[in-house]
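Asker:
Below, the structure written as structure tokens:
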């Protein structure tokens, strides 16, 4: 196989391998939720054609020349020695991702489960994670266009009652056309419960939370909703407009989540965009805009530029 190694960004994924597969996966549009099954790999088989992965003895020269109907993909590989729990979480991400079909959500191409190490195969995004890509020079119009793409992907998830729970620039991938796609669904969950008539997922005690991107009600009471994703989107907006700076800089997590503190506008950030961020960071989740409203605001900004 022809590999292009890129440093991974999650706890259990160490390498993304660029390979070729000979044909596109044929999937059945009947999806199964990962947490219904005691063994996560069971629910994957009904909708993933595993045979599409090339035999590892295939000559790399043929692959590099391109094969009929070949497609470039990225492969996430579960590390050797992972526990059963880690394996279940790894394959659960594929189960969630396999339910989505949107131009701003990373596309699942296949899964390998029968021979270790397990792998998740997705479309390949040439420019990698958004946080690293932002080190380049972009116009405000380009940055807003990227935000608009992420917002569209998040609206799609919200419409399907999924909460991402880990939205950040590091978990958005960028292709060669500057299209941004939401990725990394390891913490994503279907919102089955209601909290004050708001679809909500309540996390278990001890769950890992990316504090700097997480809404107050989520890290204080473990209540995650589309409104908490909106808070995270506001932090992502700040990351984008600051060209990839770390939110809250070298402040401690305790300082970052202090009551009433809000990130100031990045250098040269249009006031209207910082105002939109502040709306996302309303303490009361009911006062935050939805993704529909955020997209309308971003569209107006794109029209004005």
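Residue numbers (our numbering): 1004 to 1308. Don't be surprised by glycine CBs; every beta carbon is placed ideally from N, CA and C.
1. Do you know how far the Cα of residue 1282 is from the Cα of residue 1199?
2. Would you be able to state if there are at least three C-beta pairs under 8 Å between the segment 1225-1237 and the segment 1268-1277?
3. Rounded to whole angstroms, what's the CA-CA distance from residue 1195 to residue 1146? Just pull it up for me.
4. Excluding the 5 residues flanking residue 1174 on each side, which residues of the same chain have their C-beta closer than 6 Å to its C-beta?
5. Assuming contact is defined by CB atoms lying nearer than 7 Å, are residue 1211 and residue 1107 in contact in what I supplied?
6. Sorted by chain position, which residues of the same chain lie with C-beta nearer than 7 Å to residue 1284's C-beta, five sequence neighbours on each side aside?
7. With DSSP collapsed to three states, give me the class of residue 1198.
8. Count the C-beta pairs between the segment 1104-1120 and the segment 1141-1159 that are closer than 8 Å, then say yes if the count reaches three, no if not.
9. Which residues does DSSP list as the beta-bridge partners of residue 1111?
10. With a 10 Å radius around its C-beta and 16 neighbouring C-beta atoms as the bar for buried, classify residue 1132 as buried or exposed.
11. Per DSSP, what kind of secondary structure is residue 1159 in: helix, strand or coil?
12. Leaving out five residues on either side along the sequence, give the residues of the same chain with a beta carbon under 6 Å from the beta carbon of residue 1230.
Answerer: This is what the structure holds:
1. About 21 Å.
2. The answer is no - the segment 1225-1237 does not touch the segment 1268-1277, with fewer than three Cβ pairs under 8 Å.
3. Cα to Cα, residue 1195 sits roughly 34 Å from residue 1146.
4. Exclusion of the five residues before and after residue 1174 leaves 1186 and 1187 as the residues of its chain whose Cβ lies within less than 6 Å of its Cβ.
5. Taking 7 Å as the Cβ cut-off, residue 1211 and residue 1107 do not qualify as a contacting pair.
6. Counting only residues of its own chain and dropping the five nearest sequence neighbours on each side, residue 1284 has a CB closer than 7 Å to the CB of 1234, 1237 and 1265.
7. Secondary structure of residue 1198 (DSSP, three-state): strand.
8. Touching, per the Cβ criterion.
9. Residue 1111 is bridged to 1125.
10. Residue 1132 should be labelled buried.
11. Looking at residue 1159 - three-state DSSP - the assignment turns out to be helix.
12. Only 1288 and 1291 meet the Cβ criterion.
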